[in-house]
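Q: Structure below; questions to follow.
Chains as they are written, first to last, in this note's numbering: chain A, 7 to 222; chain B, 181 to 460.
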């Protein structure tokens, strides 16, 4: 117990930054993922192709490599410099968006055909069929897979520790600098993640799943 | 492609689609072009930065680190599959001394970030007096514990999605419970869950790259090392590009094999498929 009290500053900053990374990346990933999902079901072949290319390329690249590119490669390109934190946010958002896209696309498939047929029958064009009729229903049915994606994002934020962001994954390095025992410190980090995932995210998922369930 | 989301395009829609296609094309080419232009402007395509990749020794080392990645993947994948099956059987067992621990095992190890697991093995255990932990062991143990727990859930969902009659018929002809599980339910569950199992294998392959952060000498570690070679103009971006091509290539090969196996198996038997949330 001592280790977490003695180093409470470290744990607080670490998990605060993890939270910031998580919330901002989840926000951008959700928006970008929805847009790409829309592109992947759109009538224009080039848009579908662009969406597919992006999803397949990014999903087959390790997150570490993507973060390495933004943290190590980007500064060499002579573009306006960004902080390591922002680099991690960009990388995590781009990576998670592909998973969000696939989750939403599978949700679009679960909306019954009659819904979009009815929308087309009353003359709605594609964009309105998608945004007014199909997506609102799709979102409700993809709460569980979407939450799996966001839980994965929460855990993936630790990878940013390898690229100079002081978050939960980096606590280890600071502890060893302070000469603290590493095993208890790391077990505390693991325990906090267990609490965040099993104690907060999972109940929230159950709650939203119940609240937004569609009767079909 | 036909879709229920839009009508078969008429003349107006076809014209509009042409405009949309052109616009998308311009935007995509613009983004890629801008990136390549920045690469060019900042001198990433100069011969000096790529020279290092022409050395036989460097190429040979690349083969070695690809081997290291594949080794971690192979051991991790086999271990995860085995652990997954064991945990799934444990969770389906009637004894509460077996299924409750197995339940908590899968829940806990799925909730801890893989990197933290690897750090616990690599930094935590030696500090508590455990000897002989190499980065390879840390990577593999992390991969097995995490992905084994994920796969256990996949196998369990697969077994539970099978029709009840399968189990009942097995018991009726006098097989024991474990025989039913092993000989009747598991083979069908694996077949039903093959797409999910395979995407989890791709996840394992990608996650070997986390070994970079705990000094396992794999592809990314070597790319980072090459990138720091000042004598060759610090080719960080070229090295990362090479690493990216290798990873995407490996993952695509694995997905290709997976699709082939899936096709081979699904052409024989049709089984209802259930979806399970995947964690990347």
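The C-beta atom is built at its ideal place from N, Cα and C for all residues, glycine as well.
Let's test the definition: count the other Cβ atoms within 10 Å of the Cβ of residue 280 of chain B and tell me whether it reaches 16, buried, or not, exposed.
A: Looking at its Cβ environment, which holds fewer than 16 other Cβ atoms inside 10 Å, residue 280 of chain B is exposed.
Q: Please state the DSSP three-state secondary structure of residue 15 of chain A.
A: Residue 15 of chain A falls in the helix class under three-state DSSP.
Q: Do the region 217-224 of chain B and the region 69-87 of chain A make contact, defined as three or more Cβ pairs closer than 8 Å?
A: Segments in contact, yes.
Q: Within 9 Å of any Cβ in chain B, is that where the Cβ of residue 122 of chain A sits?
A: Taking Cβ atoms only, chain B reaches closer than 9 Å to residue 122 of chain A, which makes this a yes.
Q: Provide the residue span of the alpha helix (DSSP H) that contains residue 146 of chain A, from first to last.
A: It spans 141-147 - the alpha helix (DSSP H) in which residue 146 of chain A sits, taken as one unbroken run.
Q: Anything in the region 296-312 of chain B with a Cβ closer than 8 Å to a Cβ of chain A? List those residues in chain order, please.
A: Within the region 296-312 of chain B, the qualifying residues are 296, 297, 299, 300, 303, 304, 305, 307 and 308.
Q: Which same chain residues, not among the five before or five after residue 113 of chain A, have their C-beta less than 6 Å away from its C-beta?
A: Result list for residue 113 of chain A: 144, 147 and 148, in chain order.
Q: Whole alpha helix (DSSP H) runs in the region 83-169 of chain A with 4 or more residues, listed along the chain?
A: Correct list: 90-116, 119-127, 141-147 and 149-162.
Q: 9 Å is my cut-off, CB to CB: does residue 161 of chain A come that close to chain B?
A: For residue 161 of chain A, the answer is yes, since a Cβ of chain B falls inside 9 Å of its Cβ.
Q: Measure from the alpha carbon of residue 5 of chain A to the alpha carbon of each residue in A:77, A:182 and A:110, then state which is nearest.
A: Lying before the first or after the last residue shown, residue 5 of chain A is absent from chain A, which here runs from 7 to 222.
Q: Rounding to the nearest angstrom, what Cα-Cα distance links residue 338 of chain B and residue 347 of chain B in this structure?
A: For residue 338 of chain B and residue 347 of chain B, the distance between alpha carbons rounds to 13 Å.
Q: Between which residues of its own chain and residue 134 of chain A is the CB-CB distance below 6 Å, once the five residues before and five after are set aside?
A: Around residue 134 of chain A: no qualifying Cβ.
Q: Could you please tell me which residues of the region 40-73 of chain A, in chain order, have their CB closer than 7 Å to any CB of chain B?
A: So the list reads 47, 49, 50, 51, 52, 53, 56, 63, 66, 67, 68, 70 and 71, given in the order they occur along the chain.
Q: Report yes if the C-beta distance between residue 290 of chain B and residue 320 of chain B is below 9 Å; otherwise report no.
A: No, these two residues do not count as a Cβ contact at 9 Å.
Q: Flag this pair as yes or no: are the beta carbons of residue 384 of chain B and residue 260 of chain B separated by less than 9 Å?
A: Yes, the pair counts as a contact, with Cβ atoms nearer than the cut-off.
Q: Identify the continuous alpha helix (DSSP H) that holds residue 287 of chain B and give its terminal residues.
A: Element bounds for residue 287 of chain B: 276-291.
Q: Residue 419 of chain B: which of B:399, B:432 and B:411 sits nearest, CA to CA?
A: The candidate whose alpha carbon is nearest that of residue 419 of chain B is B:399.
Q: Would you say residue 47 of chain A and residue 200 of chain B are within 9 Å of each other, going by their C-beta atoms?
A: Taking 9 Å as the Cβ cut-off, residue 47 of chain A and residue 200 of chain B do not qualify as a contacting pair.
Q: What residues from chain B crowd round residue 199 of chain A, counting only those whose CB sits closer than 9 Å?
A: Here the neighbours are 291, 292, 293 and 296.
Q: Residue 332 of chain B and residue 263 of chain B - do their beta-carbons sit closer together than 9 Å?
A: In contact: residue 263 of chain B and residue 332 of chain B (Cβ atoms closer than 9 Å).
Q: By the three-class DSSP mapping on this structure, what secondary structure does residue 31 of chain A have?
A: DSSP places residue 31 of chain A in helix when its eight states are reduced to three.
Q: On the CB-based measure, 16 or more other CB atoms within 10 Å of its CB, does residue 240 of chain B come out buried or exposed?
A: Exposed is the call here.
Q: For residue 431 of chain B, I'd like the list of residues in its chain whose CB is within less than 7 Å of its CB, leaving aside the five on either flank, ordered along the chain.
A: Correct list, in chain order: 382, 385 and 386.
Q: Smallest Cα separation from residue 427 of chain B: which of B:365, B:245 and B:368?
A: Of the listed residues, the one whose Cα sits closest to residue 427 of chain B is B:245.
Q: Would you please verify whether the beta carbon of residue 82 of chain A is less than 9 Å from any beta carbon of chain B?
A: Answer yes: the Cβ-Cβ gap between residue 82 of chain A and chain B drops below 9 Å somewhere.
Q: For residue 460 of chain B, count neighbouring C-beta atoms within 10 Å of its own C-beta (all shown protein chains included) and say buried if the count is 16 or more, exposed if not.
A: With a pLDDT of only 47 at residue 460 of chain B, under the threshold of 50, the placement of this residue in the model should not be trusted; the figure read from the coordinates follows. Buried, because 16 or more other Cβ atoms sit within 10 Å of the Cβ of residue 460 of chain B.
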